[in-house]
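J.: Before I ask anything, let me first share the structure, which is written out below as structure tokens.
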Amino acid sequence: SSTTVEGVQEWLEGIRHQASTRLGQGKVASYIPALSKQDANRFGIAICTNDGRVYAAGDAREPFSVQSISKVFLLTLSLRVFGNTLWERVGLNPSGMPFNSLIQLEAECGKPRNPFINAGAIVVADSLVSAFATPVQVIQDTARRLSGNSSILIDRDVLASEWKHRSRNAAMAYLTKAFGNINNEVDDVLHTYFACCSLSMNCVDLAVALNYLAADGYSRQAGEQFVEAELARRINSLLFTSGMYDAAGEFAYRVGLPAKSGVGGGIVAIVPGQFSVCAWSPALDDNGNSVVAQYALELLSESLAVSSACA
Ligand code: GLN
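Offset between the sequence shown (1-based) and UniProt numbering: plus 18.
In structure tokens:
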């Protein structure tokens, strides 16, 4: 049966095999030049179950740029400090717009629609610059502690490349500051935001690190209740409505799980009460979501539905 160790491993290998048929579709991100060097033919997938077992297939231990997946760490840390007062500065609704859109930001007076579009994550980063003397260190330490991998680093090439090509994100940050919703120096806030996006982690690291969202807020790896169960449930709701940007509705239809993507090609998805999963393949669709990772999660979700129907 698929609940044995061999069964789960075989299941993942099957997903890897079928998902790989779509390698070649999509395009590696190039607006951050350091990301354009990625090999589009990579694919990895890893699962971390709530009882602490890890399963991996393909290139699941190859580090990649987490990019927007880091917005989940930023949000969780900020909510731990500020609680619901954060929502005075950031909204809770899907944007229906690309992740780097500026249009709503002006129309809505500098209050970003949600914490997973760039403008929202920049406001969240500002809150962390206010809360911590060394916010980047805090976020890196958190990623290490939650994943159990103490060698996780910020990729300096990616960070330099993001900084050099920061115009659009800088425009968002300055516009937001003009509306009074950024409290610190824009350069400090952008540096914090880009440094987090530039964390290098692999599928196993990310599946383990974000398992607290599947486990009512408890991180088995860190051995602590990282957030209250109530907060984990709420973060999952936001991931469901906004984690895939303007493709959130389409992804919900295809996969039906809370998830967060990044332009490095990674997608983390949560099966509450059961496991967390990270799939990675660098080539993206027009919304900035990995083509093959989305397909792998669709295959995973379909076979979960079938197996629970048989249980
Ligand atoms: N660092 C990227 C940016 O700011 C993150 C975007 C993403 O992964 N969607 O554009």
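Ideal Cβ positions, reconstructed from N, Cα and C, are used throughout, including at glycine.
Here the structure is a predicted model, which means the values were calculated and not measured.
Can you tell me which of the three DSSP states residue 190 falls into?
T.: If DSSP states are grouped into helix, strand and coil, residue 190 belongs with the helices.
J.: Can you list, in chain order, the residues of its chain with a C-beta nearer than 7 Å to that of residue 130? Leave out the 5 residues immediately preceding and following it.
T.: Closer than 7 Å at Cβ, skipping near neighbours: 108, 109, 123, 137, 138, 141.
J.: Could you name the residues, in chain order, whose CB is less than 6 Å away from a heavy atom belonging to the ligand GLN?
T.: That query returns the following residues: 85, 86, 117, 118, 136, 180, 187, 215, 280, 281, 306.
J.: Residue 264 to residue 278, Cα distance in whole Å?
T.: Approximately 12 Å between the Cα atoms of the pair.
J.: Can you tell me whether residue 99 is buried or exposed? The criterion is at least 16 other CB atoms within 10 Å of its CB, across all chains shown.
T.: Burial call: exposed.
J.: What are the partner residues of residue 278, as DSSP defines its beta bridges?
T.: Residue 278 pairs with 286.
J.: May I have the straight-line CA-CA distance separating residue 186 from residue 28, to the nearest angstrom?
T.: Each residue's alpha carbon lies about 44 Å from the other.
J.: Pair every Cβ in the region 229–236 with every Cβ in the region 245–262, then say whether three or more of these pairs are closer than 8 Å.
T.: Result yes; three or more Cβ-Cβ pairs closer than 8 Å.
J.: So residue 63 packs on residue 221, CB below 8 Å; how close in whole Å?
T.: That pair is a contact at about 6 Å.
J.: Spatial neighbours of residue 254 within its chain, please: C-beta separation below 7 Å, excluding the five flanking residues on both sides.
T.: Answer for residue 254: 231, 276, 288, 290, listed in chain order.
J.: Applying the criterion that 16 or more other CB atoms from any shown protein chain within 10 Å of the CB defines a buried residue, is residue 209 buried or exposed?
T.: Residue 209 comes out buried.
J.: Since residue 293 sits in a beta bridge, which residues does DSSP pair it with?
T.: Paired residues: 67, 289.
J.: Under the rule that 16 or more other beta-carbon atoms within 10 Å means buried, what is residue 184, buried or exposed?
T.: So residue 184 ends up on the buried side.
J.: So who's on the other strand from residue 172, going by DSSP bridges?
T.: In the DSSP output, where bridge partners are listed per residue, residue 172 has 217.
J.: Starting from the C-beta of residue 111, find all residues in its chain whose C-beta is less than 7 Å away, skip the five residues before and the five after it, and write them out in chain order.
T.: Around residue 111: 131, 132.
J.: Ordered along the chain, which non-local residues of its own chain (more than five positions away) have a Cβ less than 7 Å from that of residue 160?
T.: Contacts found: 91, 95.
J.: Could you work out which residue in 299, 319, 308, 317 is closest to residue 80 when comparing CA atoms only?
T.: Comparing Cα-Cα distances from residue 80 to each of 299, 319, 308, 317, the minimum goes to 299.
J.: Are the Cβ atoms of residue 319 and residue 274 separated by less than 8 Å?
T.: Yes, the Cβ-Cβ distance between residue 319 and residue 274 is below 8 Å.
J.: For residue 149, report the span of its beta strand (DSSP E) as first-last.
T.: Here residue 149 belongs to no beta strand (DSSP E); instead the alpha helix (DSSP H) covers 136–149.
J.: For the beta strand (DSSP E) holding residue 263, just list the boundary residues, first then last.
T.: Counting along the chain, residue 263 falls outside any beta strand (DSSP E), and DSSP gives it neither H nor E.
J.: Round the Cβ separation of residue 78 and residue 317 to the nearest angstrom and send it over; I've been treating them as touching at under 8 Å.
T.: Actually they do not touch by this definition, with Cβ atoms about 16 Å apart.
J.: Over the uninterrupted beta strand (DSSP E) stretch that includes residue 23, give me the two end residues.
T.: Where residue 23 is concerned, there is no enclosing beta strand (DSSP E), although the alpha helix (DSSP H) it sits in stretches over 23–37.
J.: With DSSP as the reference, identify every bridge partner of residue 298, one or two as the case may be.
T.: Note: residue 298 sits in a beta bridge opposite 62, 284.
J.: Taking the alpha-carbon of residue 226 as reference, which of 75, 315, 60, 163 has the nearest alpha-carbon?
T.: It is 163.
J.: Tell me where the alpha helix (DSSP H) around residue 125 begins and ends.
T.: Taken as a continuous stretch (DSSP letters only), the alpha helix (DSSP H) holding residue 125 covers 121–125.
J.: Quick check on residue 243: does DSSP put it in helix, strand or coil?
T.: Reduced to three states, the DSSP call for residue 243 is strand.
J.: Quick check: the region 186–196 against the region 148–155, are at least 3 beta-carbon pairs closer than 8 Å?
T.: No: the two stretches stay apart, fewer than three of their Cβ pairs being nearer than 8 Å.
J.: Quick check on residue 319: does DSSP put it in helix, strand or coil?
T.: It is helical.
J.: Please report the Cβ distance between residue 52 and residue 179, rounded to the nearest whole angstrom; I am assuming they are in contact, meaning their Cβ atoms lie under 8 Å.
T.: Residue 52 to residue 179, Cβ: 4 Å. Contact.
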